[in-house]
Amino acid sequence: MTWLPNGDLLYTEKEGRLYKFNGLKSIEIKGVPEVYLRGQGGLLDVTVHPQFEKNNFIYISYASKMGGGDGGNTTIARAVIKNNKLEDLEILYKAMPNSKKGQHFGSRFTWDREGHLYFSIGDRGNRDVNPQDIYRDCGKIYRINDDGSIPDDNPFVEIAKGIDTIGIKTAIYSYGNRNPQGMTTHPVTGKIIAHEHGPQGGDEINIIESGKNYGWPVISYGINYSGTTFTDITEKEGMEQPIYYWVPSIAPSGFAIINNPAYKEWNGNFLVGSLKFQYLEMLYMDGNRVIKREKVADKIGRLRNVKIGPDGLIYIAVEGKGIFKIEKK
Numbered sequence: 004m005t006w007l008p009n010g011d012l013l014y015t016e017k018e019g020r021l022y023k024f025n026g027l028k029s030i031e032i033k034g035v036p037e038v039y040l041r042g043q044g045g046l047l048d049v050t051v052h053p054q055f056e057k058n059n060f061i062y063i064s065y066a067s068k069m070g071g072g073d074g075g076n077t078t079i080a081r082a083v084i085k086n087n088k089l090e091d092l093e094i095l096y097k098a099m100p101n102s103k104k105g106q107h108f109g110s111r112f113t114w115d116r117e118g119h120l121y122f123s124i125g126d127r128g129n130r131d132v133n134p135q136d137i138y139r140d141c142g143k144i145y146r147i148n149d150d151g152s153i154p155d156d157n158p159f160v161e162i163a164k165g166i167d168t169i170g171i172k173t174a175i176y177s178y179g180n181r182n183p184q185g186m187t188t189h190p191v192t193g194k195i196i197a198h199e200h201g202p203q204g205g206d207e208i209n210i211i212e213s214g215k216n217y218g219w220p221v222i223s224y225g226i227n228y229s230g231t232t233f234t235d236i237t238e239k240e241g242m243e244q245p246i247y248y249w250v251p252s253i254a255p256s257g258f259a260i261i262n263n264p265a266y267k268e269w270n271g272n273f274l275v276g277s278l279k280f281q282y283l284e285m286l287y288m289d290g291n292r293v294i295k296r297e298k299v300a301d302k303i304g305r306l307r308n309v310k311i312g313p314d315g316l317i318y319i320a321v322e323g324k325g326i327f328k329i330e331k332k
């Protein structure tokens, strides 16, 4: 979910519907491309160009069947909204190859202060092949210009110019990520921060930096869902450590950072939704260190997203129930 400059709320539904809520009613935005609806795949995230008032651009992430092979994979597209319809749709990025697997599509958006668009794509359930291979999509966080072109200072652009390195995915910004479903830009530092699902245990929060390897699946604080292990190490040279991890897993989804003095002692804290335990978790921060955990809203349902609205207040999207605003008493 995201907001237009006039205050209207845009939100997606997995089945392939995009809506605009104007404060009174929800209006469906037509022209959404066909989605690959399988497992966790469908219509995923939506974001608005920082200069929307000038160009009318919005961006969507969704699973699609485009390209070769059976199944689908995560796709990033740009369009303009005219008369409650998407027009001039352009595909900016399509992860390949397609897969029939139904898990780990990602996908979240955020913008940096220079106007680059970041998006996440999960490992698509192929942990031993995708995340550590920069010649392959999936298990990565990507960075592109607003028109889909690749920034010259992306970490693998120069390396990819070599004779022996043709084929490196130059949109990659970080790799070794499992399935990031929460990503935001810190309102004070400007750093890109993301969280990702671990397996059984080992959900992580990471500060995302250019060219860094976040370790999945070589290092992890989690184990297989069956209870067996897939790695014996939690750290390795050349691989980043999370600033925080959850054991047991909470299945994090949605991520926001409070930047509103009206919330008083909450200001600067991280907000993370839990799909598994169905609550909104607040992490009290001291710099990059978590010093306290607190449930802000408990037993509310599977929390899919959390955002700070243009009014500075907290909004949460709960699966099958709706979107709610949270005010501090």
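Basically my numbering = 1-based index in the sequence shown + 3.
Glycine included, every Cβ here is placed at the ideal spot set by N, Cα and C.
Go ahead and pull the three-state DSSP assignment for residue i.
i	result
D155	coil
F55	helix
K164	helix
E284	strand
A98	coil
Y266	helix
A254	coil
L274	strand
S64	strand
F122	strand
D150	coil
D115	coil
R20	strand
Who are the near neighbours of residue i in its chain, counting only those whose CB is closer than 7 Å to its CB and skipping five residues on each side?
i	result
E330	L316
T173	I153, N157, F159, V160 and A163
G118	P53 and D149
V38	G19, G45, L46, Y65, A66 and S67
V190	In the sequence on display, residue 190 carries Pro and not Val. Counting only Cβ-Cβ distances below 7 Å, and skipping sequence neighbours, we find I260 and N262.
G312	W6 and Y318
D73	N101 and K103
Residue i: which of the options sits nearest, CA to CA?
i	options	result
Y62	L46, D73 and M69	L46
S286	G74, K164, Q54 and F273	Per the sequence shown, the amino acid found at residue 286 is Leu instead of Ser. Ranking G74, K164, Q54 and F273 by Cα distance to L286 puts F273 first.
G34	I84, N25 and N76	I84
N133	D155, T113, R116 and M99	M99
I211	K267, P190, K194 and L7	K194
T78	Y96, K88, D91 and G70	Y96
W249	V221, F233, K279 and A80	K279
A82	F112, V51, S110 and G109	V51
I294	P313, I246, P8 and L7	I246
G26	P36, G10, G204 and R41	G10
L306	D289, E297, Q281 and V299	Q281
Y145	D131, I169 and L120	L120
Just to confirm my understanding: we take residue i, look at its own chain, exclude 5 residues before and 5 after, and list those with CB closer than 8 Å. What are they?
i	result
N270	I261, N262, N263 and P264
V221	Q135, G179, T234, I236, K239 and M242
Between which residues of its own chain and residue i is the CB-CB distance below 6 Å, once the five residues before and five after are set aside?
i	result
Y22	Y14, S29 and E31
G2	This structure leaves residue 2 out entirely; the chain is present only between 4 and 332.
E90	V83
Does the beta carbon of residue i sit closer than 8 Å to a beta carbon anywhere in chain B?
i	result
Y247	Of the protein chains in this structure there is only one, and it is not chain B.
Per DSSP, residue i is paired with what?
i	result
I169	Beta-bridge pairing links I169 to no other residue.
K33	K88
E93	R81
N308	A320
D289	R292
E199	P183 and E207
V132	In DSSP, V132 forms no bridge with anything.
Does the stretch 238-247 touch the stretch 210-225, meaning 3 or more C-beta pairs lie closer than 8 Å? Judged by Cβ distances under 8 Å, the stretch 210-225 makes contact with the stretch 238-247, as three or more pairs qualify.
Is the number of C-beta pairs between the stretch 181-188 and the stretch 199-209 that are closer than 8 Å three or more? A contact exists between the stretch 181-188 and the stretch 199-209.
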